[in-house]
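Input: a single structure, listed below in structure tokens.
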Amino acid sequence: MEWLLNGGVCMVMMMTIISFVHAEDPYRFFDWRVTYGNIYPLGIPQRGILINGQFPGPEIYSVTNNNLIINVHNDLDEPFLLSWNGVQLRKNSYQDGVYGTTCPIPPGKNYTYAIQVKDQIGSFFYFPSLALHKAAGGFGGHRILSRPRIPVPFPDPAGDFTFLIGDWYTKHDHKTLKALLDRGHKLPLPDEVLINGRGVSFSSSLTVHRGKTYRFRISNVGLQHSLNFKILDHEMKLVEVEGTHTVQSMYTSLDIHVGQSYSVLVTMDQPEKDYSIVVATRFTAKKLLVSSTLHYSNSRQNLSSAPISDGQLADELDWSIKQARSIRTNLTASGPRPNPQGSYHYGRIKISRTLILESSAALVKRKQRYAINGVSFVHADTPLKLADYFKIGGVFKVGSIPDKPRRIGGGVKLDTSVMGAHHRAFLEIVFQNREKIVQSYHLDGYSFWVVGMDRGTWSHASRREYNLRDAVSRSTTQVYPESWTAVYVALDNVGMWNLRSEFWARQYLGQQFYLRVYSPVHSIRDEYLLPKNALLCGRASNIQRITSLRS
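Heads up: the sequence shown runs through residues -23 to -1, 1 to 528, numbered per mature numbering (1 follows the signal peptide of the UniProt record, and there is no 0).
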């Protein structure tokens, strides 16, 4: 939706915007109103979070280097924030939309995000980052198209579709789920799986033409379950993962873990009838499944009403690990710039620091908590980025989380955990999972190379298995049960960036921390200034009053 502004407001906004983005790059304006409203994922009303009356929310269409000006009005009865999953926000963690960097939008107020999708392409999504809002909606797709002069490694598809898939609660609303966690309990298992906001027996039909090829952008926007996506009797050609063109391998189904996004091409080369698009949970005793209909335009044969099998394999884990290892970067494709993506030889860079991050779960004061390296994150009374900018002491301490797991038996402690790191450092991060569940981790502000994964415990010898040539670059990676995953990341983006579990209950109960990427050179070349329209809260709100008095 285009945002129409009067001249005075427009002038103020443009002065704010130009302070940190390139004026020559195009602008796209959006005006979003966030409300509660009835949604009908299973045919009966539930209270959901709507954006401009929509569930899921409106999709963002943009082009590489576009400046997105998104004015968000919060009409809920509690604070609200939106975050941009996978969008790297170069030099601008103030717009990240998580509580560690941004003050929440108070009820009845608005905030205008100003972000640039700098040097990016691909399939992403946005979501509400506070409390358990994600369990009620407020999410939507975000596609970043290549600039016209930059070649894409496949012909233009006949159509381009977004599929937002995820587990869903029907018996509990988001406030009830939050109250359960606040009382120290675990979340119950989700009740359903949704495709674009619709569940079993209420999913929609997608019409296609035989002989045509279509693009499907698939994002797992759920709370905790890995999901398998397939189109019965059709093969999918993987072409992009979270902004990286991939080697174009064929798959009959794809495992998509929480927070991940994939893009596939599907050619309609089967007899003209209806086929099921099936999404099913993985690695769980109780299987949840939903299907949608792929309808060939000349089909006269309706989809059978018989139950659809999810067709899951006997050994899901080995199959999934093998698939994950097969996903690699297409070194011959252009990225958002004309130079090939593979021109960055990450495998030849000297590692400056190794982090080993291990998850754990424990009761602290008889309440359920989750931790990384023995530290369970607790929010401060002031966003960390604002405290850092205004040099407000006592909000957080750099180094409050160790680089490696605490010794066995060390227990879990509560802290506002922040890890310091130097601008231009090159990190090796090992996610060690000793638990019996699949986990998923995300790093805001960055993409990283997923260089290795395997069962068991990581050791220095594990580096011999690394892919140092064409590992896929992405922002979210899975870690299989009792296994490890290793990534490389070049810290070229100054700011305060959230590293978190994508399992939302775990994130809420402490399985996250902030990476403070620091440069001693205070220059807008490395990091933009605090936006003039930034909301100030907590201890930073006093600075606002003092500034007003002085002026």
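Glycine is no exception: its CB is placed at the ideal position from the N, C-alpha and C atoms.
This one's a predicted model, so the numbers in the text were calculated from it and none came from an experiment.
Query raised in the report: With burial defined as no fewer than 16 other Cβ atoms inside 10 Å of the residue's Cβ, what is the status of P313: buried or exposed?
Result: As a position in the sequence shown, residue 313 is number 336, starting the count at 1. Label assigned to P313: buried.
Requested in this report: Determine contact between the region 330 to 340 and the region 400 to 411, defined as no fewer than three beta-carbon pairs at a distance below 8 angstroms.
Outcome: yes
Requested in this report: With a threshold of 16 other CB atoms inside 10 Å of the CB of L512, please say whether the residue is buried or exposed.
Outcome: Here the question's residue 512 lines up with position 535 in the sequence shown. Answer is buried; the Cβ neighbour count reaches 16.
Report task. Pull up the CB-CB distance for S450 and M430, whole angstroms please, since I reckon it's below 8 angstroms. Result -> Your numbering for residue 450 matches position 473 in the sequence shown. Your numbering for residue 430 matches position 453 in the sequence shown. In fact, because the Cβ distance is near 15 angstroms, the residues do not count as touching under 8 angstroms.
Requested in this report: Grab the span of the alpha helix (DSSP H) containing Y366 for me, first residue to last.
Outcome: The residue given as residue 366 occupies position 389 in the sequence shown. Run containing Y366: 361 to 367, per the alpha helix (DSSP H) assignment.
Query raised in the report: Which runs of the beta strand (DSSP E) fall wholly inside the region 326 to 361 and span at least 3 residues, in chain order?
Result: 330 to 341, 344 to 349, 352 to 354, all fully within the region 326 to 361.
Report task. Look at the alpha carbon of G63 and the alpha carbon of G199, and state the distance between them as a whole number of angstroms. Result -> Along the sequence shown, one-based indexing puts residue 63 at 86. Along the sequence shown, one-based indexing puts residue 199 at 222. Straight-line Cα distance between these residues: approximately 15 angstroms.
Query raised in the report: So, is T309 buried or exposed, given that buried needs 16 or more other C-beta atoms within 10 angstroms?
Result: Numbered from its first residue, the sequence shown carries residue 309 at position 332. The residue is exposed, with fewer than 16 neighbouring Cβ atoms inside 10 Å.
Query raised in the report: DSSP three-state call for L122: helix, strand or coil?
Result: For the purposes of this step, residue 122 is taken as residue 145 along the sequence shown, with counting starting at 1. If DSSP states are grouped into helix, strand and coil, L122 belongs with the strands.
**Report entry** Enclosing alpha helix (DSSP H) for Y485 [first to last residue]
**Finding:** Residue 485 sits at position 508 when you count from the first residue of the sequence shown. Secondary structure note for Y485: its alpha helix (DSSP H) is the uninterrupted segment 481 to 485.
Report task. Let me know if T229 comes out buried or exposed under the rule of 16 or more other beta-carbons within 10 Å of its beta-carbon. Result -> As a position in the sequence shown, residue 229 is number 252, starting the count at 1. Burial call: exposed.
Query raised in the report: How close, in whole Å, do the beta carbons of D251 and H272 come, if the pair is a contact with beta carbons under 8 angstroms?
Result: For the purposes of this step, residue 251 is taken as the residue at position 274 of the sequence shown. For the purposes of this step, residue 272 is taken as the residue at position 295 of the sequence shown. So it is a contact: roughly 5 angstroms between Cβ atoms.
Query - Whole-angstrom C-beta distance between Y71 and P379, which should lie under 8 angstroms - result: Locating residue 379 in the sequence shown gives position 402, where the first residue counts as 1. Locating residue 71 in the sequence shown gives position 94, where the first residue counts as 1. Wrong, their Cβ atoms sit about 28 angstroms apart, outside the cutoff.
Query - Contact the region 483 to 492 vs the region 436 to 445: 3+ CB pairs below 8 angstroms - result: no
Query raised in the report: Between the Cα of P237 and the Cα atoms of R302, L204, V256, which residue gives the shortest distance?
Result: Taking the first residue of the sequence shown as position 1, residue 237 is located at position 260. A small fix is needed here, since residue 237 is Gln in this sequence, not Pro. Ranking the options by Cα distance to Q237, first place goes to L204.
**Report entry** residue 531 - containing beta strand (DSSP E), residue span
**Finding:** Missing from the structure shown is residue 531; the chain here goes from -23 to 528 and no further.
Query - Three-state secondary structure assigned by DSSP to K390 - result: By one-based count along the sequence shown, residue 390 stands at place 413. In the structure shown, K390 sits in a strand (DSSP, three-state: E or B).
**Report entry** Reduced DSSP category for L294 - H, G, I as helix; E, B as strand; rest coil
**Finding:** Locating residue 294 in the sequence shown gives position 317, where the first residue counts as 1. Residue state, collapsed to three classes: helix.
Requested in this report: Please determine, among I82, A113, R502, the residue with the shortest C-alpha to C-alpha distance to T147.
Outcome: As a working note, residue 147 is residue 170 in the sequence shown. Of the candidates I82, A113, R502, A113 places its Cα closest to the Cα of T147.
Report task. Report the option in N307, T244, F206, I328 whose CA atom is closest to the CA atom of K214. Result -> To locate residue 214, count along the sequence shown from 1; it is residue 237. Ranking the options by Cα distance to K214, first place goes to T244.
Query raised in the report: So is K374 buried or exposed if we call it buried at 16+ other beta carbons inside 10 Å?
Result: For the purposes of this step, residue 374 is taken as the residue at position 397 of the sequence shown. The residue is exposed, with fewer than 16 neighbouring Cβ atoms inside 10 Å.
Report task. Would you give the residue range spanned by the alpha helix (DSSP H) that A156 belongs to? Result -> The residue you call residue 156 lines up with position 179 of the sequence shown. Bounds of the alpha helix (DSSP H) holding A156 are 151 to 159.
Requested in this report: Could you pull out every residue in the same chain whose Cβ sits closer than 6 angstroms to the Cβ of V466, ignoring the five residues on either side in sequence?
Outcome: Along the sequence shown, one-based indexing puts residue 466 at 489. L404, Y423, F425, listed in sequence order.
Requested in this report: Go ahead and label P105 buried or exposed: buried means 16 or more other beta carbons lie within 10 angstroms of its beta carbon, across all protein chains shown.
Outcome: Position 128 of the sequence shown, counted from the first residue, corresponds to residue 105. Counting Cβ neighbours within 10 Å, P105 comes out buried, since at least 16 surround it.
Query - contact_flag[the region 414 to 422, the region 473 to 481] where n(CB pairs < 8 angstroms) is 3 or more - result: yes
Report task. Please report how far the alpha carbon of residue 598 lies from the alpha carbon of L266, in whole angstroms. Result -> Past the edges of the chain, shown from -23 to 528, lies residue 598, and the structure says nothing about it.
**Report entry** Cβ-Cβ distance between H50 and N87 below 7 angstroms
**Finding:** As a first step, residue 50 must be located in the sequence shown, where it is residue number 73. As a first step, residue 87 must be located in the sequence shown, where it is residue number 110. Yes. Within cutoff.
Report task. Compute the beta-carbon to beta-carbon distance between N197 and P33, rounded to the nearest angstrom, for a pair I have assumed lies under 8 angstroms. Result -> Start at 1 with the first residue of the sequence shown, and residue 197 comes out as number 220. Start at 1 with the first residue of the sequence shown, and residue 33 comes out as number 56. Not quite, the Cβ-Cβ distance comes to about 13 angstroms (not below 8 angstroms), so this is no contact.
Query - 8 angstroms contact criterion, which T359 and R516 should meet: CB distance rounded - result: Position 382 of the sequence shown holds residue 359. Position 539 of the sequence shown holds residue 516. T359 to R516, Cβ: 5 angstroms. Contact.
**Report entry** Sub-7 angstroms separation of A348 and V372 beta-carbons
**Finding:** Here residue 348 corresponds to residue number 371 of the sequence shown, with the count starting at 1. Here residue 372 corresponds to residue number 395 of the sequence shown, with the count starting at 1. Cβ atoms of A348 and V372: not closer than 7 angstroms.
Query raised in the report: To the nearest angstrom, how far is it from the Cα of V185 to the Cα of E212?
Result: Numbered from its first residue, the sequence shown carries residue 185 at position 208. Numbered from its first residue, the sequence shown carries residue 212 at position 235. For V185 and E212, the distance between alpha carbons rounds to 15 angstroms.
Query raised in the report: Using a Cβ-Cβ cut-off of 7 angstroms (strictly less than) and excluding sequence neighbours within five positions of L157, which residues of its own chain qualify?
Result: On the sequence shown, position 180 is the one that residue 157 refers to. Cβ neighbours of L157 beyond the five flanking positions: L164.
Query raised in the report: I think V256 touches I142, with their Cβ atoms under 8 angstroms apart; what is that distance to the nearest whole Å?
Result: Within the sequence shown, numbered from 1, the residue matching residue 256 stands at position 279. Within the sequence shown, numbered from 1, the residue matching residue 142 stands at position 165. Their Cβ separation, rounded to whole angstroms, is 5 angstroms, which keeps V256 and I142 in contact under 8 angstroms.
Query - Selection from F116, L66, D73 that minimises the alpha carbon distance to K95 - result: Sequence index remark: in the sequence shown, residue 95 carries index 118 (1-based). Among F116, L66, D73, the Cα nearest to that of K95 belongs to L66.
Report task. Would you kindly report the start and end of the unbroken beta strand (DSSP E) that includes Q93? Result -> Within the sequence shown, numbered from 1, the residue matching residue 93 stands at position 116. Element bounds for Q93: 87 to 93.
Query - Three-state class that DSSP yields for A398 in the structure shown - result: Taking the first residue of the sequence shown as 1, we reach residue 398 at position 421. Looking at A398 - three-state DSSP - the assignment turns out to be strand.
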